[in-house]
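Q:
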Amino acid sequence: MRLPPSLRQLIHPREFRIAAPEWPRELAALIESLQPLVDSDGSAATAASPDPGSLVFLAEVGTGLWRLRQKMLQPGTDRPLEEMRRVYRHLESTWDALTEAGVQIQDHTDEPFHFGRSIKVISYQPTMGITREKVLETIRPTVYFRGTPIQMGEVIVGIPEPPSESAERLSRQ
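Using this note's numbering, read the sequence shown as starting at 69 and increasing by one per residue.
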């Protein structure tokens, strides 16, 4: 179990604690406007849904955070680069706040690809060494608000190379 960043700071001596980042006014106002839509137990309220402009803004914030996170992580891991560790804590706390508000950001990289999924394929790329369709790269993540998609993901899909092309490449080497 992972503690939220605000609680993790309490295990350190007071002089070493990092203050919580200040929220931009627009994001703070958006989160505040979404609070009435959540019951006190954390489940979705049955009240009116948020306006579409707020959802578009929320999707853009989620995509921006996802891109920032991708640049801060060591390739193929969930660990931040050494020079990004301090800044990464702030990103993590913002990510956790969005998650608590009901926003889920899904990266599709390395997932098997199935036709009919609700993601937009930007291109298909023949790839050596794979036996079935697979998402090679996520261009934009899928963003959900309380389980409802508010932004469709965009991906590049790897497809197995036809046997004749693979054989030609191997014979040239």
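Note that CB positions come from ideal geometry on N, CA and C, so glycine has one too. These figures come from a predicted structure and were not determined experimentally.
Give every residue of the same chain whose Cβ lies closer than 7 Å to the Cβ of Ser122, excluding the five residues on either side of it in the sequence, and list them in chain order.
A: Counting from one through the sequence shown, the residue named residue 122 turns up at place 54. Counting only Cβ-Cβ distances below 7 Å, and skipping sequence neighbours, we find Leu98 and Ser101.
Q: Might you give, ordered along the chain, the residues of its own chain that have their beta carbon closer than 7 Å to the beta carbon of Ala169, omitting 5 neighbours on each side?
A: Counted from its first residue, the sequence shown places residue 169 at position 101. Within the same chain, Ala169 has close Cβ partners Ile99 and Leu102.
Q: I need the DSSP call for Ala115, collapsed to helix, strand or coil.
A: Walking along the sequence shown from the start, residue 115 turns up at place 47. Below a pLDDT of 50, predicted positions are generally treated as unreliable, and Ala115, at 48, falls in that range; no measurement from the model is reported.
Q: For Gly144, which three-state DSSP category applies?
A: Position 76 of the sequence shown holds residue 144. Coil at Gly144, not helix or strand.
Q: Would Arg157 pass as a contact of Ile86 if the rule is Cβ separation under 8 Å?
A: Within the sequence shown, numbered from 1, the residue matching residue 157 stands at position 89. Within the sequence shown, numbered from 1, the residue matching residue 86 stands at position 18. Result yes, Cβ atoms of Arg157 and Ile86 sit closer than 8 Å.
Q: Taking the C-alpha atoms as reference points, what is the distance between Pro228 and Glu94?
A: Stepping through the sequence shown from its first residue, residue 228 is reached at position 160. Stepping through the sequence shown from its first residue, residue 94 is reached at position 26. Going by the C-alpha atoms only, they are around 45 Å apart.
Q: Which whole-angstrom value describes the C-beta separation of Trp134 and Pro209, a residue pair presumed to lie in contact below a C-beta threshold of 8 Å?
A: As a first step, residue 134 must be located in the sequence shown, where it is residue number 66. As a first step, residue 209 must be located in the sequence shown, where it is residue number 141. Contact holds; Cβ gap of about 5 Å.
Q: Taking the beta strand (DSSP E) that Arg208 falls in, what are its first and last residues?
A: Translated into the one-based positions of the sequence shown, residue 208 becomes position 140. First-last of the beta strand (DSSP E) with Arg208: Lys202 to Arg208.
Q: Starting from the C-beta of Lys188, find all residues in its chain whose C-beta is less than 6 Å away, skip the five residues before and the five after it, and write them out in chain order.
A: Here residue 188 refers to the residue found at position 120 of the sequence shown. So the list reads Met220 and Glu222, once near-sequence residues are dropped.
Q: Taking the alpha helix (DSSP H) that Ser101 belongs to, which residues open and close that run?
A: Here residue 101 corresponds to residue number 33 of the sequence shown, with the count starting at 1. First-last of the alpha helix (DSSP H) with Ser101: Arg93 to Leu102.
Q: Give every residue of the same chain whose Cβ lies closer than 7 Å to the Cβ of Thr206, excluding the five residues on either side of it in the sequence, and list them in chain order.
A: Along the sequence shown, one-based indexing puts residue 206 at 138. Answer for Thr206: Asp175, His176, Thr177, Gly221 and Val223, listed in chain order.
Q: Given a cut-off of 8 Å, decide if Phe181 and Val203 are closer than it, judged by their beta-carbon atoms.
A: The residue labelled residue 203 in the question sits at position 135 within the sequence shown. The residue labelled residue 181 in the question sits at position 113 within the sequence shown. In contact: Val203 and Phe181 (Cβ atoms closer than 8 Å).
Q: Assuming Ser161 and Pro89 make a contact with CB atoms under 8 Å, what is their CB distance in whole Å?
A: The residue labelled residue 161 in the question sits at position 93 within the sequence shown. The residue labelled residue 89 in the question sits at position 21 within the sequence shown. Correct: roughly 6 Å between the Cβ atoms.
Q: Does the Cβ-Cβ distance between Val155 and Tyr192 come in under 8 Å?
A: As a working note, residue 155 is residue 87 in the sequence shown. As a working note, residue 192 is residue 124 in the sequence shown. No. Outside cutoff.
Q: Sorted by chain position, which residues of the same chain lie with C-beta nearer than 7 Å to Phe213's C-beta, five sequence neighbours on each side aside?
A: By 1-based counting over the sequence shown, the position of residue 213 is 145. Same-chain partners within the cutoff: Leu123, Leu126, Gly170 and Val171.
Q: Considering only DSSP beta bridges, list what Val155 is partnered with.
A: Position 87 of the sequence shown, counted from the first residue, corresponds to residue 155. Partner(s): none; Val155 has no beta bridge.
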